[in-house]
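Engineer:
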Amino acid sequence: MKLGRLNHIGVATPTIADSIAHYRDTMGATSICEPFSLPEQGVTVCFVDTPTHSGLNGTQIELIEPLGPDSAINNFLEKNPLGGQHHVCFEVPDIAAAREEFEGQGKRILGPTRIGAHGTPIFFLHPKDMQGMLTEIMETPKGDH
Ligand code: CO
Numbered sequence: 047m048k049l050g051r052l053n054h055i056g057v058a059t060p061t062i063a064d065s066i067a068h069y070r071d072t073m074g075a076t077s078i079c080e081p082f083s084l085p086e087q088g089v090t091v092c093f094v095d096t097p098t099h100s101g102l103n104g105t106q107i108e109l110i111e112p113l114g115p116d117s118a119i120n121n122f123l124e125k126n127p128l129g130g131q132h133h134v135c136f137e138v139p140d141i142a143a144a145r146e147e148f149e150g151q152g153k154r155i156l157g158p159t160r161i162g163a164h165g166t167p168i169f170f171l172h173p174k175d176m177q178g179m180l181t182e183i184m185e186t187p188k189g190d191h
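Each number in my numbering comes from the position in the sequence shown (counting from 1) with 46 added on.
#1: Whole-angstrom Cβ separation of T181 and V134, contact assumed at under 8 Å?
#2: Of all the options I110, G157, F82, which has the alpha carbon lying nearest to the alpha carbon of P60?
#3: Take G165 as the anchor and find which of L84, T72, E80 has the nearest alpha-carbon.
#4: Is I183 buried or exposed, if buried means 16 or more other CB atoms sit within 10 Å of its CB?
#5: Figure out for me which residue from N53, G74, A63, G101 has the closest Cα to the Cα of P112.
#6: Using CA coordinates, which residue listed in F136, R70, L123 is at the minimum distance from M47?
#7: Just to confirm, does E108 get its C-beta within under 6 Å of one of the non-hydrogen atoms of ligand 1?
#8: For a test of your reading of the model: does the CB of G130 fall under 6 Å from any non-hydrogen atom of ligand 1? Yes or no.
#9: Output the residue ranges of the beta strand (DSSP E) runs that lie fully inside the region 62–102 and measure 3 residues or longer, sorted by chain position.
#10: Provide the residue span of the alpha helix (DSSP H) that contains A144, from first to last.
#11: Using the beta-carbon count (16 or more within 10 Å), is A144 buried or exposed?
#12: Which class does N126 belong to by DSSP, given the choice of helix, strand or coil?
#13: Should P158 and E185 be called a contact, given that it needs their Cβ atoms to be closer than 7 Å?
#14: Less than 7 Å between C-beta atoms, sequence neighbours within five positions excluded: which residues of the same chain meet that for N120?
#15: Count the other CB atoms, across all protein chains shown, that sit within 10 Å of the CB of T90; report buried if there are 16 or more and exposed otherwise.
Printed below as a string of structure tokens:
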């Protein structure tokens, strides 16, 4: 396992428009993408960029709003009505190798490796095996270094 960049922190929100206003007006974010829906995952997402000094892409905030009554985010929002930190996402150079290594360590992987919101392969690890944090592993996007 080779730990890569902290790609994003997933933040659940009941209302993505309110969260965008918060990051723009209260936090001073200047680079916020248009929200887009991922119906097969039951969510609408929006990325807020944080800047870096290096010119490389900074860690993002991934705002996640439920889409439909069966969204996996609905449970989280029932327990956390204001929303809040939902998962962290680390990059790895090779998603298949990372999956094999986690499996070899007996970590529970939630579902198949699939294409995530960045268009790259991802999988999730059970929070009880990951220091209490729902952890997303994502292959470093091509051309991102
Ligand atoms: Co994510």
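Positions of the beta carbon are idealized from the N, C-alpha and C atoms, including for glycine.
Structural biologist: The structure says:
#1: 6 Å
#2: I110
#3: The residue with the shortest Cα to Cα distance from G165 is L84.
#4: buried
#5: A63
#6: F136
#7: yes
#8: no
#9: 82–84, 89–95
#10: 141–150
#11: buried
#12: coil
#13: When the beta-carbon positions are compared, P158 and E185 stay at least 7 Å from each other.
#14: P112
#15: buried
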